[in-house]
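Asker:
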Amino acid sequence: MDPITLLTFFVLSVFVGFEVVSKVSSTLHTPLMSGANAIHGIILVGAIIVAGRAEEPVLLVVALIAVLLATVNLVGGFVVTDRMLEMFGGRKRAASATDTEEAR
105 MDPITLLTFF
115 VLSVFVGFEV
125 VSKVSSTLHT
135 PLMSGANAIH
145 GIILVGAIIV
155 AGRAEEPVLL
165 VVALIAVLLA
175 TVNLVGGFVV
185 TDRMLEMFGG
195 RKRAASATDT
205 EEAR
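Numbering (my numbering), first residue to last: 105 to 208.
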């Protein structure tokens, strides 16, 4: 594809992504974060495939940067999801630890 078509796809995907994410209420962010992690995993696999097929050095560098950013995004998503889930389970764990200490 020519560069203008690729740039058009990129710009449209940025606008669509921004509109979709900005319309989500804050109570739905935790479940959507888990689903987004699966999508980021697919993006990472795609970036690895592109890096493996890159023949020009410039394309290889861009693909490796994409792999790095996709990895950071995927790991960061799991860390944020884990921290959010700990917020919901923190009271139960603290209460059970206190009950165990009182029983002694």
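Even glycine gets a Cβ: it sits at the ideal position worked out from N, Cα and C.
Measure the C-alpha to C-alpha separation of Ala-151 and Ala-167 and round it to an integer number of angstroms.
Answerer: Roughly 6 Å between the two C-alpha positions.
Asker: Could you tell me the distance, in whole angstroms, from the CA atom of Pro-135 to the CA atom of Ser-126?
Answerer: So the alpha carbons of these two residues sit roughly 15 Å apart.
Asker: For Ala-174, I'd like the list of residues in its chain whose CB is within less than 6 Å of its CB, leaving aside the five on either flank, ordered along the chain.
Answerer: Closer than 6 Å at Cβ, skipping near neighbours: Ile-147, Leu-148, Ala-151.
Asker: I need the DSSP call for Glu-190, collapsed to helix, strand or coil.
Answerer: Helix at Glu-190.
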